[in-house]
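Here is the structure we will look at, set down as structure tokens.
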């Protein structure tokens, strides 16, 4: 059973703080994703990684960066958190080829005050 | 890029009735269409998917239909039960050798099944 684990479920951070959201998957998947989920907007892709140290911008990368130093781990970084980054963040992974199930983590609720 | 629109945004049905959620997509190259269910506080999970070489797929009370000419696909849930209450997302991607980074999601439909 595929497991995608997000280490923090609920966070409250102050404006300007640096925030790290960590994600680990245990199925040796090549592809990992960070999505942002907001009511009425669905799931929007922030960043994508297809291999260690490789990353591609998604639809809304502004204000975010990512790190993938190991195949199983994909981190989302908010360099200077702002209130408009208050949201639910979902990590996901999938095997190399497309048309495969995307496996999601449980989500991280981030509130920036 | 791909754009997926999903309707309705909310849907309330009586237990035992059917529910239909519709999605349209813009990129005629898309050929993989999954549906995800997200219960309150839980992760989205795949419930059914369809590829462009078929027009319909069923799995017990759930079915998905695809009209490639019109670029729309629908989720049908029959004999709804309270545990079907959740947010449902449709998505579209090109499949094939892409890495799923082209997958785009609809805005979601909140389905409520009243006992």
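Protein chains in written order, with my numbering: chain A, 1 to 113; chain B, 114 to 228. Beta carbons: idealized from backbone N, C-alpha and C, even for Gly.
Mind listing the chain B neighbours of residue i? Cutoff is C-beta to C-beta under 7 Å, in chain order.
i            : result
residue 74/A : Result: empty, since nearest Cβ-Cβ is about 13 Å, beyond 7 Å.
residue 79/A : Simply none; closest approach about 22 Å.
For the putative contact between residue i and residue j, defined by C-beta atoms under 8 Å, what is the C-beta separation to the nearest angstrom?
i             : j             : result
residue 77/A  : residue 67/A  : 7 Å
residue 42/A  : residue 221/B : 5 Å
residue 228/B : residue 152/B : About 17 Å separates the two Cβ atoms, so there is no contact after all.
Which residues in the same chain as residue i place their Cβ atom closer than 8 Å to its Cβ, once the five residues preceding and following it in sequence are excluded?
i             : result
residue 61/A  : 46 and 47
residue 225/B : 123, 124, 125, 126 and 198
residue 169/B : 163, 176, 177, 178 and 179
residue 70/A  : 52
Taking C-beta pairs closer than 7 Å, name the residues in chain A that residue i reaches, listed in chain order.
i             : result
residue 220/B : 40, 41 and 42
Determine the chain A residues that contact residue i at a beta-carbon separation under 8 Å, and present them in chain order.
i             : result
residue 214/B : 31, 33, 45, 48, 50, 56 and 58
residue 58/B  : Lying before the first or after the last residue shown, residue 58/B is absent from chain B, which here runs from 114 to 228.
Counting only Cβ pairs nearer than 9 Å, list the residues of chain B close to residue i.
i             : result
residue 115/A : The question about residue 115/A has no answer, for chain A in this structure spans 1 to 113.
Kindly list the residues whose CB is nearer than 6 Å to the CB of residue i, restricted to its own chain and excluding five residues on each side of it in sequence; keep chain order.
i             : result
residue 134/B : 188, 201 and 222
For residue i, collect the residues of the same chain with a Cβ closer than 7 Å to its Cβ; drop the 5 residues on either side in sequence, then sort them by chain order.
i            : result
residue 17/A : 81
Exercise for review: Using a Cβ-Cβ cut-off of less than 7 Å, give me the residues of the stretch 19 to 44 of chain A that come near chain B, in sequence order.
Suggested key: 31, 40, 41, 42 and 43
Exercise for review: Give, in chain order, every residue of the stretch 58 to 71 of chain A whose Cβ lies closer than 9 Å to some Cβ of chain B.
Suggested key: 58 and 59
**Study point:** Residues, ordered as in the chain, of the stretch 155 to 173 of chain B that lie near chain A by beta-carbon distance below 8 Å
**Key:** 155, 156, 157, 158, 159, 162 and 164
Review point. In chain order, what residues of the stretch 179 to 191 of chain B put their CB closer than 8 Å to some CB of chain A?
Key: none
Practice item. Any chance you could list the beta strand (DSSP E) runs of at least 3 consecutive residues sitting entirely within the stretch 24 to 55 of chain A, in chain order? Key: 31 to 38 and 42 to 51
Check your understanding: In chain order, which beta strand (DSSP E) runs of at least 3 residues are fully inside the stretch 132 to 161 of chain B?
Key -> 132 to 138 and 145 to 151
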